[in-house]
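Comments concern the structure below.
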Amino acid sequence: MTEALIVTALLLVAGSATAAVAVRDPVRQSLVLAVLGVVLAVLFTVLQAPDVALSQLAVGSALTPLLLLLTVRKVRRRGQRAAGGGGGSDGRRGGGSGP
Amino acid sequence: MNGWILAAVVVLAAGVGATLWGVVTGPLRRRAAAQNLSTALACPALLLLAQGYARPAYVDLALVLAVLGPVGTLVFARLLADELADDPPHARGPTLTAAALGAAVVLAVSLATGPGRALVKVLVVGALLVGGNLVASRALAGGMQEARRD
Amino acid sequence: MPSRRTLLAAAEVAAWWVPLAALWLVLVNTVDLLEAAVGAGASVVVALVARGARRAVTGR
Amino acid sequence: MSPRMRLWLVATGGAGLAALLVAACLDLPRFGGDRHPYGDQAVEASLSRHTANTVASVTFDQRAFDTLGEMSILFAAVLGSVVLLRQTRDEHRARPEPAAVSRPVRRYALLVLPVALLTGLYVVAHGQVSPGGGFQGGVVAATALHLLYLGADYRALERVRPIAPYEAGDALAASAYLVTGLAALLAGSAFLANTLLPYGTFNTLASAGTVPLLNAAIGMEVACAVVVLLAGFLDQAVEIVDEGEHDDGEYHDDPRQRGK
Numbered sequence: 001m002t003e004a005l006i007v008t009a010l011l012l013v014a015g016s017a018t019a020a021v022a023v024r025d026p027v028r029q030s031l032v033l034a035v036l037g038v039v040l041a042v043l044f045t046v047l048q049a050p051d052v053a054l055s056q057l058a059v060g061s062a063l064t065p066l067l068l069l070l071t072v073r074k075v076r077r078r079g080q081r082a083a084g085g086g087g088g089s090d091g092r093r094g095g096g097s098g099p
Numbered sequence: 001m002n003g004w005i006l007a008a009v010v011v012l013a014a015g016v017g018a019t020l021w022g023v024v025t026g027p028l029r030r031r032a033a034a035q036n037l038s039t040a041l042a043c044p045a046l047l048l049l050a051q052g053y054a055r056p057a058y059v060d061l062a063l064v065l066a067v068l069g070p071v072g073t074l075v076f077a078r079l080l081a082d083e084l085a086d087d088p089p090h091a092r093g094p095t096l097t098a099a100a101l102g103a104a105v106v107l108a109v110s111l112a113t114g115p116g117r118a119l120v121k122v123l124v125v126g127a128l129l130v131g132g133n134l135v136a137s138r139a140l141a142g143g144m145q146e147a148r149r150d
Numbered sequence: 001m002p003s004r005r006t007l008l009a010a011a012e013v014a015a016w017w018v019p020l021a022a023l024w025l026v027l028v029n030t031v032d033l034l035e036a037a038v039g040a041g042a043s044v045v046v047a048l049v050a051r052g053a054r055r056a057v058t059g060r
Numbered sequence: 001m002s003p004r005m006r007l008w009l010v011a012t013g014g015a016g017l018a019a020l021l022v023a024a025c026l027d028l029p030r031f032g033g034d035r036h037p038y039g040d041q042a043v044e045a046s047l048s049r050h051t052a053n054t055v056a057s058v059t060f061d062q063r064a065f066d067t068l069g070e071m072s073i074l075f076a077a078v079l080g081s082v083v084l085l086r087q088t089r090d091e092h093r094a095r096p097e098p099a100a101v102s103r104p105v106r107r108y109a110l111l112v113l114p115v116a117l118l119t120g121l122y123v124v125a126h127g128q129v130s131p132g133g134g135f136q137g138g139v140v141a142a143t144a145l146h147l148l149y150l151g152a153d154y155r156a157l158e159r160v161r162p163i164a165p166y167e168a169g170d171a172l173a174a175s176a177y178l179v180t181g182l183a184a185l186l187a188g189s190a191f192l193a194n195t196l197l198p199y200g201t202f203n204t205l206a207s208a209g210t211v212p213l214l215n216a217a218i219g220m221e222v223a224c225a226v227v228v229l230l231a232g233f234l235d236q237a238v239e240i241v242d243e244g245e246h247d248d249g250e251y252h253d254d255p256r257q258r259g260k
C-alpha cells in the first residue's frame, strides 16, 4: 500500500514537473507550477519529510505564483509600451494584447 | 492494509491526477479552475495521510494548505482578472464535488479522532478548506470585483 | 475616563483576541502555563493586526 | 565563444555530470532500507537535548552554523532585489487606483488574515515539537499580510505595511541569531552551541534549549524578508511607471514618497 502511494506521488510529480517545463506561456506555467508545489508537498509527506513538505507548501502555494504573476504584469506593460508606443492602449492592465 | 492510506491513494490518483490533466490542457479558465481544485483535493489527501500514518502532527500540513491554498487561487483570480473576465471559469460541478469530498473526509477523520481538542482542530481545518475553496472558486468565476476593475 | 473611541477600539481587539486565543489552544498539542502565555501574547499581536487590517480596508 | 563551442562545452559538462550521477546512484543504499547511520546519530543527539522534532535539532542545534549561512543567503538575496527593484531616476510613481473587490472576497480576506497570521506564529513557536519552524511559519505569516492586497487593494496593504520597520526587523532578527551564537561563545562553549538554556521537558514549548530562540529569530527574519521582497515586486508591478510608459492614473506622487 505504501509503495502504491509513493508511486502515485512520484508519477504526479514527474507529470507536473514535465508539464511545467513543456508549457511555454509564463502565466500558464505559473498555474502548473502551483500544482507542482502542492504535489511535491504530498511527495515529501509520503516520504516522511513533513518539515520539507511544509516549506514547499508555504512557498509554493501562494508566494511563488504571486512573484511570477507580478513579474509577468510588469514585463507585459513594458512590452506594450515598446510595441504600441504607450499611447492609447491601457497600460495598467496586463491582459489581452500582451506580446 | 490501511484504509486511510488507500483512500489517500484514490484521492491523489483520481482527484489530483485529474486536476493535473486539467491544468496542463485546455483554455486558461479551465486551467485556473483546475489549480483551485488541486489544493481543494490535496488537503483532504493530507488529512487522510495524517490519519493513516497515525501522526497527529501531520495535520499541520493540511492546516497550512487549507489556509494558503485559497490564497494562491485568489492570487490568480486577482492578477488574471482581465484574462478571465471575458471567459470566466464556471466549474460548479467539480467545485461542489471537491467541497463535498473535503467535508466527507473531514467528517470521517473527526469520527476517528474522537472528542477532544484534536477534533476541533480537524473541524477548523475542514471549515477553512471548504469555505476557502468555495470563496476562491467564486472569485475565479468573476466574483472578484464588484463594478470596477483595477 | 476613556473616550468612546478608545472603548470601541478595545472592544474590537478583545472581540478578536478571544477566538484567536481559543484557536491557539486548539492548535497546540499539550496545554501548560507557558503555552497559554505565548498563545495569549501572540493573539494580542494578531488581534491588533486584525483591527489594523479592518481599518485599512474600511478606511475608518 | 562560438555557439558551436558553447554547445560542445555544455554537452561535455552534461555528459560528465550524468556519468557521475549514474555512478553515484548505483552505489546508493536501497530505497527505504533500514540502515541509517547518520539518522540514528542525529536522533540520538536530538533526544539527548529533549528535542522532539529531530529536523529542528539538526537545523538549529547540530547544524546551526549552516542555518546561519542559509539565513545570510536569504538576507543577501532580498538586499539584492531591493537594490535592483528600487525606483530609478527615469521612473515615477502613479498612485494605484482603488479596486472594488466583491464583498465575500473582502470578508474572507479580513477573516482569514488573522487566522493565517496566527497559524504562522504557531508554526514558528512549535518548531521544536512538531513539523515546521522559523522558515515555514515566517513565510505563512508574511503571505497572510498580503491577503490585504488580494482582498482589498494596494493602498490598504501599504497602510498596514510601512516598509522601514520590516527592513529594520529583518536586520534585527539576523543579528539576534548571531547574538545568540555569540552568547554561547561568551558563556564558555562553542559558537552557537546549545548550552545556554536548560533543555526543559520533552515535547513541550520550553524544550530544546536555544532552538526555540533561534527559531523565533529565523521566523522574524524570513517574515520581514518576504514582506520586503514582495514590496519591491508589488511596487514595480502596481505603482512604479517608466518614463513614457502609459499609465491611466491621474495622480503622480512625488518620488520622495518612496517607502511610505
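Residue numbers (UniProt numbering), protein chains in the order written: chain A, 1 to 99; chain B, 1 to 150; chain C, 1 to 60; chain D, 1 to 260.
Glycine included, C-beta positions come from ideal geometry on N, C-alpha and C.
Because the structure is a prediction, the values reported are computed rather than measured.
CB contact check: residue i to chain C, cutoff 7 Å
i	result
V106/B	no
R117/B	yes
V130/B	no
Y166/D	no
P114/D	yes
residue 153/B	A question about residue 153/B goes unanswered here, because the residues of chain B that appear run from 1 up to 150.
A125/D	yes
V64/B	no
R148/B	Interpretation of R148/B is limited by its pLDDT of 45, a score under 50 that renders its predicted location unreliable; the figure taken from the coordinates is listed afterwards. Chain C contact via Cβ: absent.
V120/B	yes
Residue-chain proximity (residue i, chain A), Cβ-Cβ < 7 Å
i	result
A237/D	yes
V23/B	yes
P104/D	no
A54/B	no
Q35/B	yes
N133/B	no
is_contact[residue i, chain D] using C-beta, thresh 7 Å
i	result
D25/A	no
P65/A	no
L48/C	no
L33/C	no
Own chain partners of residue i with C-beta closer than 6 Å, once the 5 adjacent residues on each side are dropped
i	result
L12/A	V39
H90/B	A141
V125/B	A62, L63, A66
F65/D	L192
8 Å CB neighbourhood of residue i in its chain, flanking five on each side removed
i	result
T64/A	S30, L33, A34, G37
K121/B	V59, L63
Other residues of its chain near residue i: CB distance less than 7 Å, five sequence neighbours each side excluded
i	result
G232/D	S81, V82, L85
L128/B	A66, V67
T119/D	V140
N36/B	T73, N133, A136, S137, L140
R29/B	L84, D87, P88, P89
V105/B	P44, L47, L48
Interface flag, residue i vs chain B, CB-CB below 7 Å
i	result
T119/D	yes
L5/A	yes
P131/D	yes
Y177/D	no
L145/D	no
A17/A	no
Y108/D	yes
L150/D	yes
Under the three-state DSSP convention, the category residue i falls into
i	result
residue 287/D	Here chain D covers residues 1 to 260 and nothing more, so residue 287/D does not appear.
A94/D	strand
G138/D	helix
G200/D	strand
V23/A	coil
V112/D	helix
V31/C	coil
V64/B	helix
L134/B	helix
A53/C	helix
beta-carbon residue i near the ligand SAM non-hydrogen atom, thresh 6 Å
i	result
Y122/D	Within the structure as shown, the ligand SAM is missing, as the structure has no ligands at all.
| query | Are there three or more Cβ pairs, one per stretch, closer than 8 Å when the segment 45-56 of chain B is compared with the segment 68-76 of chain B? | reply | no
| Which whole runs of the alpha helix (DSSP H) in the segment 205-235 of chain D are 4 residues long or more, in chain order? | 211-234
| said: I'd like to know if the segment 128-148 of chain D and the segment 213-231 of chain D are in contact, where contact means that at least 3 CB-CB pairs between them fall below 8 Å. | reply: yes
| Per the contact definition of three or more C-beta pairs closer than 8 Å, is the segment 100-109 of chain D in contact with the segment 143-163 of chain D? | yes
| Quick one: any contact between the segment 157-173 of chain D and the segment 11-23 of chain D, if contact means 3 or more CB pairs under 8 Å? | Short answer: they don't touch.
| At least 3 beta-carbon pairs within less than 8 Å: the segment 8-18 of chain C vs the segment 173-190 of chain D | no
| With a cut-off of 8 Å, do at least 3 Cβ pairs link the segment 103-115 of chain B to the segment 18-27 of chain C? | no
| Is the segment 31-38 of chain C touching the segment 60-80 of chain D, taking contact as three or more C-beta pairs under 8 Å? | The segment 31-38 of chain C is not in contact with the segment 60-80 of chain D.
| said: So within the segment 18-94 of chain D, which uninterrupted alpha helix (DSSP H) runs reach at least 4 residues, ignoring any that extend past its ends? | reply: 37-48, 54-57, 64-84
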